[in-house]
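Chains as they are written, first to last, in our numbering: chain A, 1 to 211; chain B, 212 to 422.
Beta carbons are placed, not taken as given, at the ideal position from N, Cα and C, and that holds for glycine.
So the structure is just underneath, and the comments pick up after that.
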DNA sequence: TTAATGGCTTAGAATTTCTAATTCATGACG
DNA sequence: CGTCATGAATTAGAAATTCTAAGCCATTAA
């Protein structure tokens, strides 16, 4: 029996937006721009012929239809998610969701991490982020910054260095202790080292930054 | 809580292929070419890191992993499908306008579809038609034929078989992808199956037709 | 040995999806 | 009131994905 299905990516966009009641935050979760989410949801509404959200100037409200739809979709996605985990334990070698600071992203190659051999099998495309709370909350797995910041309880290592307007600056990798040194982290770190070609000397550097 | 989801279109391709145990027939259901389905599934297997099918020279076999995965996915898709119908009734309350080929109409009961219980609440009385362009243009919703025809971008499935002068022939149902599997289509198909009393097996003989 | 079948592969085309930039409406605040 | 900041809507064009078409291969059947 074949299924009648609306556009699946639109559903995913809707599900995330509805959980956050925000295209903006949904976009961050999905790793795309808010405009993309807005378009996906709009397209979904178009094919369904109903409105799922009421758009407010500062956010979203679910319509009645939307709130009837959401839990079902969440359930379906949860089934997919769980059964996928069960079926492909290889995914526990899952890709890490990485955050990169605005500043640092200017120094990364245009379509990093795609440009690094094999790196995309270890990390997803990064979102813009500065906040280690995102790591604590599990929203992202790791964070790359140009400054050392206050990260009690999190691993925070200088992993490479770049030259910014004549002065050397370190790249710091923030992640949970448990993730430090896992294969994905190692792949990430060594790709950064390669990219910026000069491995960081070991003990000196890490401390010339403010919090 | 965000979901870690594999490529959704790949999942749909896998689910259809697994039901049919054939990329070729799945492709018809999905309205694309077999190559496209093959690619989607392969890509899915790649991101999962496991094989879902064993490819035989003449068809497919589910791997252990694949057969554990299939029922869960079917369940998820069914949830999506049902909740979508519930949520967008505008799309589902409408009777489908059906076309039937001259040839086939000779084999249908005299006052079909009136003779089939409940079918008239799902489809209107059919017009005579052969041309899938009418489906593309939206002039009709579905087309019943005795031959497989070229229908790029449309679903085209063998749904029942009749005996025509000693030889078995299939009845093909052409409709837009979006309409495949909707409640009306299901009602139509199952009434045909009932009428001609011999359900069509899924992968085997539905395919000895050329386009 | 020949024909047919169904999956695989590949380049390039077609389509979808995304980004980046701008616009708009609202609410907060001095 | 102005001025800002926020978040959604809307574009054109770029980027990425997905599809087709055509040829290949191994297998089966006649």
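| Query | Result |
| --- | --- |
| Would you kindly check if the distance between the Cβ of residue 277 of chain B and the Cβ of residue 262 of chain B is under 9 Å? | yes |
| Do residue 229 of chain B and residue 271 of chain B come within 9 Å of each other at the CB atom, strictly closer than that value? | yes |
| Could you tell me if residue 160 of chain A is buried or exposed, where buried requires 16 or more neighbouring beta carbons within 10 angstroms of its beta carbon? | buried |
| Please classify residue 170 of chain A: does DSSP put it in a helix, a strand, or coil? | strand |
| Any contact of the region 323–331 of chain B with the region 348–356 of chain B, i.e. 3+ C-beta pairs under 8 Å? | no |
| Can you find the residues in the same chain that come closer than 6 Å, C-beta to C-beta, to residue 307 of chain B, ignoring five residues on each side of it along the sequence? | 334, 352, 353, 395 |
| Any beta-carbon of chain A closer than 9 Å to the one on residue 298 of chain B? | yes |
| Have a look at residue 311 of chain B and residue 356 of chain B and give me their C-alpha separation to the nearest angstrom. | 6 Å |
| Can you have a look at residue 85 of chain A and say buried or exposed, based on whether 16 or more other CB atoms are within 10 angstroms of its CB? | exposed |
| Going along chain B, which residues have a C-beta under 9 Å from residue 11 of chain A? | 219, 291, 295 |
| Measuring only the C-alpha atoms, how far is residue 106 of chain A from residue 162 of chain A? | 11 Å |
| Consult DSSP for residue 178 of chain A and reduce its assignment to one of helix, strand or coil. | Here residue 178 of chain A scores only 47 on pLDDT, less than 50, and its place in the model is too uncertain to base an answer on. |
| Would you report the Cα separation of residue 173 of chain A and residue 273 of chain B, rounded to the nearest angstrom? | 42 Å |
| Please classify residue 140 of chain A: does DSSP put it in a helix, a strand, or coil? | coil |
| Just the C-alpha distance for residue 407 of chain B and residue 378 of chain B, rounded to the nearest angstrom, thanks. | 14 Å |
| Reducing DSSP to helix, strand and coil, say where residue 291 of chain B ends up. | helix |
| Mapping the DSSP letters down to three states, classify residue 359 of chain B as helix, strand or coil. | coil |
| Taking 9 Å as the threshold (beta carbon to beta carbon), is residue 107 of chain A in contact with chain B? | no |
| Going along the region 260–282 of chain B in order, which residues come within less than 8 Å of chain A, judged by CB to CB distance? | 260, 261, 276, 279, 280 |
| Within 10 angstroms of its Cβ, does residue 236 of chain B collect 16 or more other Cβ (buried), or is it exposed? | buried |
| Look at the alpha carbon of residue 232 of chain B and the alpha carbon of residue 5 of chain A, and state the distance between them as a whole number of angstroms. | 20 Å |
| Any Cβ of chain B within less than 9 Å of the Cβ of residue 178 of chain A? | Low per-residue confidence applies at residue 178 of chain A: pLDDT is 47, beneath 50, and the placement is therefore not dependable, though the value from the model is reported in the following sentence. No, because no Cβ of chain B sits closer than 9 Å to the Cβ of residue 178 of chain A. |
| Taking the CB atoms as reference points, tell me whether residue 365 of chain B and residue 246 of chain B lie closer together than 9 Å. | no |
| I'd like to check one pair, residue 294 of chain B with residue 73 of chain A: are the Cβ atoms closer than 9 Å? | yes |
| Contact criterion: CB-CB distance below 9 Å. Does residue 75 of chain A meet it with respect to chain B? | yes |
| Along chain A, in chain order, which residues have C-beta atoms closer than 9 Å to that of residue 349 of chain B? | Within 9 Å Cβ-Cβ: nothing; residue 349 of chain B doesn't reach chain A, min ~14 Å. |
| For residue 102 of chain A, which of A/77, A/33, A/45, A/129 has the nearest alpha-carbon? | A/129 |
| Comparing alpha-carbon positions, which option in A/98, A/71, A/118 lies nearest residue 132 of chain A? | A/98 |
| Assign residue 402 of chain B to one of three DSSP states: helix, strand, or coil. | helix |
| Am I right that residue 391 of chain B and residue 256 of chain B are in contact with their C-beta atoms under 8 Å? What's the rounded C-beta distance? | In fact, because the Cβ distance is near 25 Å, the residues do not count as touching under 8 Å. |
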